[in-house]
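Notes to accompany the following structure.
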Amino acid sequence: MLELNKSYVIDDNQQPIAVQIPIAEFEKIEEILENYGLAKLMEEVDEEKALSKDEALKYYQSLKEENVAS
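In the working numbering, each residue's number is its place in the sequence shown (first place is 1) plus 7.
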């Protein structure tokens, strides 16, 4: 399991309101989530319409770009 070095941000009432993690750990979390999403997308495709790894990566990249543009 991924170990996170987190620091809590607290408000004036000493209540936690946010968490900070090192950027390298954040990037690792992003990579894990993207890989999981890609695997789920590939599972959803019917066998006769299955995408190659390169096709799936290109399609997934286009989805990310659409989400950034909106």
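Every residue, glycine too, gets a C-beta built ideally from N, C-alpha and C.
Treat the numbers as computed from the prediction; the structure is a model and nothing was measured.
Using a Cβ-Cβ cut-off of 6 Å (strictly less than) and excluding sequence neighbours within five positions of K13, which residues of its own chain qualify?
Residue mapping note: residue 13 aligns to position 6 of the sequence shown, counting from 1. Excluding positions up to five away in sequence, the list reads V26 and I28.
Among the residues of its own chain, which have a CB less than 7 Å from the CB of L11, if the five just before and after it don't count?
Within the sequence shown, residue 11 is the residue found at index 4, counting from 1. Only I28 and E32 meet the Cβ criterion.
If I follow the unbroken beta strand (DSSP E) through I24, where does it start and stop?
In the sequence shown, counting from the first residue as 1, residue 24 sits at position 17. That run of the beta strand (DSSP E) goes P23 to Q27.
Do L45 and Y67 come within 7 Å of each other at the CB atom, strictly closer than that value?
Residue numbering aside, residue 67 sits at position 60 when the sequence shown is read from its first letter. Residue numbering aside, residue 45 sits at position 38 when the sequence shown is read from its first letter. It is a contact, given that the beta carbons lie within the stated cut-off.
Across which residues does DSSP place Y15 in a beta bridge pair?
As a working note, residue 15 is residue 8 in the sequence shown. Answer is V26.
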